[in-house]
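With this note's numbering applied, the sequence shown corresponds to residues 6 to 128, in that order.
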Amino acid sequence: MRIRWTPAAAADLESISDYLKEHHPHYRQRTMRRLYETIRSLRQAPYRGRPGTEEGTREILFPPLPYVAIYQVNERQQTVEVLRVLPWRTRPALIQLSRSAVNRSQRAKLERRGSGDHFINSA
Numbered sequence: 006m007r008i009r010w011t012p013a014a015a016a017d018l019e020s021i022s023d024y025l026k027e028h029h030p031h032y033r034q035r036t037m038r039r040l041y042e043t044i045r046s047l048r049q050a051p052y053r054g055r056p057g058t059e060e061g062t063r064e065i066l067f068p069p070l071p072y073v074a075i076y077q078v079n080e081r082q083q084t085v086e087v088l089r090v091l092p093w094r095t096r097p098a099l100i101q102l103s104r105s106a107v108n109r110s111q112r113a114k115l116e117r118r119g120s121g122d123h124f125i126n127s128a
C-alpha cells in the first residue's frame with residue numbers, strides 16, 4: 006500500500022517538528038523519526054491501528070509519545086490516507102466536532118487553533 010498525506014496531516018507534522026525544535030530540540034530528530042517510521046509501517050500492516058471513533062477511520066498511537074495518527078484505508082486504491090497527526094489530548098475535541106453539526110466558520114476557527122475536524126474534505 007502507498008501512504009498518502011493530506012495537507013492537514015503534513016501541516017500537523019510540521020507543527021510538531023517546529024514545537025520540538027523550539028522547546029525540546031534534543032528530542033526532535035528521534036521523535037520525528039518515530040512518527041514517520043510508525044506511519045510508514047502501515048504500508049505492510051494497514052489495519053495495525055485500532056478502529057477510530059468515526060466510521061471508516063483508524064487510529065495509531067506512538068507510545069510513549071503523546072500523539073495519535075488518524076487515517077483511512079482504501080483497499081480499492083491500495084492507499085493509507087493519513088488525515089491528521091495530533092497530540093492525543095486533542096482527540097476528544099475532534100470527536101465532539103465531527104459528531105456535531107458545526108458550521109464552516111466554527112470548523113475553520115477550530116482548525117486555526119489546531120484542534121479542527123479530522124475529516125479534511127468534509128463540507
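A virtual CB, placed ideally from N, CA and C, is assigned to each residue, including glycine.
For residue i, write down the residues that DSSP places opposite it in a beta bridge.
| i | result |
| --- | --- |
| residue 40 | In DSSP, residue 40 forms no bridge with anything. |
| residue 64 | 55, 75 |
| residue 4 | Only positions 6 to 128 of the chain appear in the structure, and residue 4 is not among them; the question remains open. |
| residue 84 | 7, 79 |
If you measure between the beta carbons of residue i and residue j, is that distance less than 9 Å?
| i | j | result |
| --- | --- | --- |
| residue 11 | residue 87 | yes |
| residue 48 | residue 85 | yes |
| residue 64 | residue 54 | yes |
Which residue wins for smallest C-alpha separation from residue i, given the options the options?
| i | options | result |
| --- | --- | --- |
| residue 74 | 82, 39, 29 | 39 |
| residue 89 | 62, 7, 55, 29 | 62 |
| residue 72 | 46, 18, 48, 91 | 91 |
| residue 19 | 34, 56, 67, 60 | 34 |
| residue 46 | 16, 66, 28 | 66 |
Between residue i and chain D, is the shortest Cβ-Cβ distance under 9 Å, so that the two count as touching?
| i | result |
| --- | --- |
| residue 9 | The structure shown contains no chain D; it holds only a single protein chain. |
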